[in-house]
Amino acid sequence: GRKIELIWIDAGSMPQDQPQGSRSAPDTADFKTMLSQVNMLYLGTQVLILLDLSYVSRFWTQFEAWLSMQFATPDGLKSAIGNTHNERQHIVAIQNAAAQSDTFTKMLIDQWATKSPQQAFEFLSKPEM
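As structure tokens, this is what we get:
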């Protein structure tokens with residue numbers, strides 16, 4: 010099997026500001042640096058998606074899911090779904106999604122697998138996201 014060397018847990022690995030106003034200036038600087046580059050993690054590494062029903066209503070989780078289902082080519086991003094060499098997302102339905110794991114996993118893949126960068130941008134730009 011594969012050896013896992015490093016684990017990135019998004020909220021736990023980036024300095025959060027909870028309660029609001031509690032993050033120090035150095036932590037805020039670190040957060041901004043990480044935020045500007047975190048997309049590369051989701052685009053280039055194995056991604057474990059812990060899917061519950063709230064997952065599909067949040068901007069960052071949806072953006073991360075889309076990135077995890079893409080791979081970079083000289084012509085831009087392409088869908089990695091169905092390409093065993095480039096597929097990197099691993100979806101585990103939890104909590105309120107666990108009982109219908111296959112349904113919710115398929116829903117997430119269907120939502121993002123074939124979206125172009127422009128389509129992802131348009132969807133993620135909606136006010137409800």
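Residues 10 to 138 in this note's numbering are what the sequence shown spells out, letter by letter.
We put the beta carbon where it would ideally sit given N, CA and C, even for glycine.
Notebook entry, point to check: Exposed or buried, S45, counting other C-beta atoms within 10 Å across all chains shown (16 or more means buried)?
Noted result: exposed
Item checked: CA-to-CA distance, A122 to A89, given in whole angstroms -> 7 Å
Next item on the list: Jot down the residue ranges of each uninterrupted beta strand (DSSP E) in the stretch 94-134, minimum 3 residues, whole runs only, in chain order.
Entry: 98-102
Notebook entry, point to check: Under the rule that 16 or more other beta-carbon atoms within 10 Å means buried, what is L59, buried or exposed?
Noted result: exposed
Check: By how many angstroms is the C-alpha of T37 removed from the C-alpha of T29?
Finding: The identity of residue 29 in the sequence shown is Gln, whereas the question assumes Thr. C-alpha separation (whole angstroms): 12 Å.
Notebook entry, point to check: Rounded to the nearest angstrom, how far is the Cβ of L50 from that of A81, given a contact under 8 Å?
Noted result: Contact flag wrong, Cβ pair sits at about 13 Å.
Notebook entry, point to check: How should Q127 be labelled, buried or exposed, when 16 other C-beta atoms within 10 angstroms of its C-beta is the threshold for buried?
Noted result: It counts as exposed.
Checklist line | Other residues of its chain near R32: CB distance less than 6 Å, five sequence neighbours each side excluded | finding: P24 and D26
Margin query: With distance defined between alpha-carbon atoms, name the residue in A106, Q71 and N105 nearest to Q98.
Written below: It is Q71 whose Cα lies nearest to the Cα of Q98.
Check: Could you give the residue range of the beta strand (DSSP E) that holds L15?
Finding: From DSSP, L15 is part of no beta strand (DSSP E); its letter is neither H nor E.
Next item on the list: Could you tell me if L15 is buried or exposed, where buried requires 16 or more neighbouring beta carbons within 10 angstroms of its beta carbon?
Entry: exposed
Next item on the list: Might you give, ordered along the chain, the residues of its own chain that have their beta carbon closer than 7 Å to the beta carbon of N48, omitting 5 neighbours on each side?
Entry: Within the same chain, N48 has close Cβ partners L76.
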